[in-house]
Amino acid sequence: MEKYLTLIIAALSFTAVQSQDITDAMRYAQDNTNGTARFRAMSGAFGALGGDFSALNVNPAGSAVFNNNQIGLTLNSYHTKNESTYFGTKNSESNFTLDLNQAGAVFVFKNDDEKSDWKKFTLALNYENTNKYDNSLFYSGTNPTNSVADYFLYYAEGIPLSALQNSYYDELNLGDQQAFLGVNGHIITPVDPNSGTYESNVPPGGNYYQENSFESTGYNGKLAFNAAAQYKDKFYFGLNLNTHFSDYRQATLFHEDNNNSTTEGVRSLDFANEVYTYGTGFSFQLGAIAKVTKEFRLGVAYESPTWYELTDERYQILTTRGFNYDGNPALSNATPDSDVVLIYDPYKLQTPGKWTGSFAYVFGKTGLLSIDYSLKDYSNTQYRPKDNYFRPLNNQMAELLDVSSEIRIGGEYKINQWSLRGGYRIEQSPYKDGKTVGDLTGYSGGLGYNFGSTRLDVAYSRTERDIQKQSFSHGFTDSAKINSINDNVTVTLTFEL
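Note that this note's numbering numbers the sequence shown so that position 211 is 214, with each residue one more than the last.
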């Protein structure tokens, strides 16, 4: 006789134990080239140029290049396509969103004292979505050997059965909660209740059909308060004080079933997880630009680590379907007695800082060529406080992550009021193995038209990266190969005041 068992985790609770991993940290540590259409059309190569709102996020000295007060607004479309391969089965999933990506204003104060070497000062305020998290991913296939039961076995190992039977879900830490779900969902059963050894109730024999779907929404926003100055006709200096805002939601659903011949056990299961992460952060940036000659410019900029304070909420549902439960009372006498949404204590995350060196050559009023080179050491990513809980995770990041370099190349050619633009970028993997997250490559193009006091810019950009997506972080870590492609169309209106 078949029987269904559902464990629902869906109300309110508080716990001091966290639920983070490397993937969560990398969500905030990695950059994305967002911003104005001119900036995106040139693949973000603006460190020695300035004169663009998004250029301030590369080198804050760039606002001193503006000659007039301006405001800018940017509308951006995001199209993400994920092509997956899991044990030979191919799938494709895509997502499209549209939003107001950037809004900024710059105010230029020219120095009327002709004897002063300080020619002008600028103040700017610019908001951008530095990352857009709207994404969809699906993969499926028949796993010849491993079941998701290994995930629950990993967490249950060493935990006496009595500790799970005599506790409520919200009284346990995250790992023990997964063991609680596995035992009460009859996915695993104790071999020796006292020693904490367990075995799988999923019938042996392999050929486990598995599906995994991911849906995420949200953004990471950055509000930059900028001040910059021009010294003589050759030097520009700038400072950004940045406030960061994060709002991220992810829903996953893992399904597994099998037709292995047996008299009892779990025939299929569905394991759903929803995570909501929100919080704020702070960072600062320093930068300088030098006009070595009339045509040749150099830039250097430093971006500090971003110090986040974040909060996680988690919601879980586990549903199992088995057969012949009545033949084994041990598989039918456990009933879950909790119904909670977990709200974890706030925690801190420090992402790595970044250095950027830039070169630009300006061909009079006809065009320019610009190159940026950036370095970021992802192994410096850290969760805080550095107590016994976060220390293993921080050590793991220091071991697995690496220094990543990025090259951005952009060019612009002007024909009367028209501007033609193009760009290319390549970013190294932040992982030492180069496979968990592969190198990113991208290209871009666009055009602009100057109406005088108003400018309209349009850009198209495309990036591509290969990713190995693990089903779960521990126990059951079989992964799908993902080719992720992002296409973006950006439109910016800029007005002189």
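We put the CB at the ideal spot given by N, CA and C, even for glycine. This one's a predicted model, so the numbers in the text were calculated from it and none came from an experiment.
Outcome for residue i when other beta-carbon atoms lying within 10 angstroms are tallied against a minimum of 16
i, result
"residue 458", "buried"
"residue 117", "exposed"
"residue 443", "buried"
"residue 189", "buried"
"residue 155", "buried"
"residue 366", "exposed"
"residue 194", "exposed"
"residue 239", "buried"
"residue 213", "buried"
"residue 237", "exposed"
"residue 295", "exposed"
"residue 430", "buried"
"residue 192", "buried"
"residue 115", "exposed"
"residue 286", "buried"
"residue 26", "exposed"
"residue 398", "exposed"
"residue 297", "exposed"
For residue j and residue i, the rounded distance between their alpha carbons
i, j, result
"residue 322", "residue 259", "11 angstroms"
"residue 235", "residue 352", "41 angstroms"
"residue 497", "residue 71", "12 angstroms"
"residue 112", "residue 65", "15 angstroms"
"residue 494", "residue 361", "25 angstroms"
"residue 95", "residue 472", "14 angstroms"
"residue 153", "residue 479", "5 angstroms"
"residue 249", "residue 282", "5 angstroms"
"residue 428", "residue 273", "41 angstroms"
"residue 418", "residue 82", "31 angstroms"
"residue 257", "residue 23", "19 angstroms"
"residue 106", "residue 500", "15 angstroms"
Within 7 angstroms, strictly: CB atoms of residue i and residue j
i, j, result
"residue 290", "residue 247", "no"
"residue 435", "residue 405", "yes"
"residue 363", "residue 51", "yes"
"residue 44", "residue 129", "no"
"residue 224", "residue 148", "no"
"residue 219", "residue 136", "yes"
"residue 425", "residue 448", "yes"
"residue 415", "residue 356", "no"
"residue 252", "residue 221", "yes"
"residue 211", "residue 483", "no"
"residue 180", "residue 171", "no"
"residue 80", "residue 492", "yes"
"residue 288", "residue 215", "no"
"residue 39", "residue 55", "yes"
"residue 450", "residue 423", "yes"
"residue 375", "residue 354", "no"
"residue 487", "residue 481", "no"
"residue 199", "residue 241", "no"
For residue i, the three-state DSSP class (helix, strand or coil)
i, result
"residue 193", "strand"
"residue 61", "coil"
"residue 210", "coil"
"residue 33", "coil"
"residue 432", "coil"
"residue 482", "strand"
"residue 506", "This structure leaves residue 506 out entirely; the chain is present only between 4 and 500."
"residue 383", "helix"
"residue 152", "helix"
"residue 53", "coil"
"residue 132", "strand"
Residues sharing a beta bridge with residue i, DSSP
i, result
"residue 448", "425 and 463"
"residue 41", "Answer is none; residue 41 lacks a bridge partner."
"residue 291", "240 and 303"
"residue 258", "214 and 273"
"residue 184", "According to DSSP, which records beta bridges pairwise, residue 184 is partnered with nothing at all."
"residue 470", "440 and 485"
"residue 309", "In DSSP, residue 309 forms no bridge with anything."
"residue 144", "213"
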